[in-house]
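A short worksheet on the structure shown next.
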Amino acid sequence: MRKGEHVKMASLTSRLRNAVVLVCLGMSTLHCASAPPPAVSARPAAASCPPAETKAPEKFEMRTYIMGFLRRGPAWSAERTPEVVRISEGHMAHIRAMGATGKLVLAGPFEVEGTPPNALAGILLFDMESIEEARALAAEDPAVKAGRFSLELMPWYGPKGLTFPGKEEPAAKPTRSSNP
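Residue numbers (my numbering): 1496 to 1675.
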């Protein structure tokens, strides 16, 4: 392409794009003009719609969680041996157990290309008051014990009310029946 031709091409592309937009607008205008008018209901519109919600939204609150970053540990490898599979299954069981008790709010892996050592491997968000409490719970993870992962913990300020999808709900309190 000679000098100045790229400017001409850009101008041509811009004019072509504008023409396509105008054609589309014209076609949609013709379609709207040829469409029959909407049917009018004998009922008033208010009767067919539920009343608008008038209460103010709940107050948005923040609180502190403990954020954990899993990194590939000194014993990490990409090899899938029976031992690695066993450790991975234990790791997932530990995550589900923490979530079921409400101590873990969310967890998930990062997609890491290649096999860089010490790469970020996953994230954990604990519903706990202290880093020490989260560290003690995370130390029970079979993958941390085996050195496949190491863990960095820090406080994180986020929205109040986050919860793990597998969290067990407290048992419903029995209610008194009015029938004897």
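For glycine and all other residues, C-beta sits at the position ideal for the given N, C-alpha and C.
Quick check on this structure: which residue in the options has the alpha carbon closest to the alpha carbon of residue i?
| i | options | result |
| --- | --- | --- |
| Lys1640 | Ile1582, Pro1577, Thr1576, Gly1563 | Ile1582 |
| Met1649 | Ala1570, Thr1596, Ser1625, Ala1592 | Ser1625 |
| Ala1634 | Pro1604, Gly1603, Ile1590 | Ile1590 |
| Glu1647 | Pro1660, Leu1657, Leu1620, Pro1611 | Leu1620 |
| Gly1609 | Gly1585, Ser1572, Phe1555 | Ser1572 |
| Arg1558 | Pro1660, Trp1651, Thr1658 | Trp1651 |
| Pro1660 | Val1607, Ala1614, Leu1601 | Leu1601 |
| Gly1585 | Gly1653, Thr1658, Leu1657, Ala1638 | Ala1638 |
| Thr1658 | Leu1615, Glu1553, Thr1596 | Thr1596 |
Consult DSSP for residue i and reduce its assignment to one of helix, strand or coil.
| i | result |
| --- | --- |
| Glu1628 | helix |
| Met1562 | strand |
| Asn1613 | coil |
| Arg1643 | coil |
| Arg1567 | strand |
| Pro1660 | coil |
| Val1502 | In this prediction, Val1502 scores a pLDDT of 44, lower than 50, which makes its location untrustworthy; the coordinate-derived value is nonetheless stated afterwards. Three-state DSSP puts Val1502 in a helix. |
| Pro1675 | Confidence at Pro1675 is low in this model, with a pLDDT of 41, below 50, so the placement of that residue should be treated as unreliable; the coordinate-derived value is given next. Here Pro1675 sits in coil by DSSP. |
| Arg1575 | coil |
| Glu1584 | helix |
For residue i versus residue j, is the C-beta spacing smaller than 8 angstroms?
| i | j | result |
| --- | --- | --- |
| Lys1598 | Leu1632 | yes |
| Ala1629 | Gly1568 | no |
| Phe1605 | Gly1617 | yes |
| Tyr1560 | Asp1622 | yes |
| Arg1575 | Phe1644 | no |
| Gly1642 | Ala1570 | yes |
Tell me, which residues are paired with residue i by DSSP?
| i | result |
| --- | --- |
| Ala1602 | Leu1619 |
| Met1649 | Met1562 |
| Pro1654 | Met1557 |
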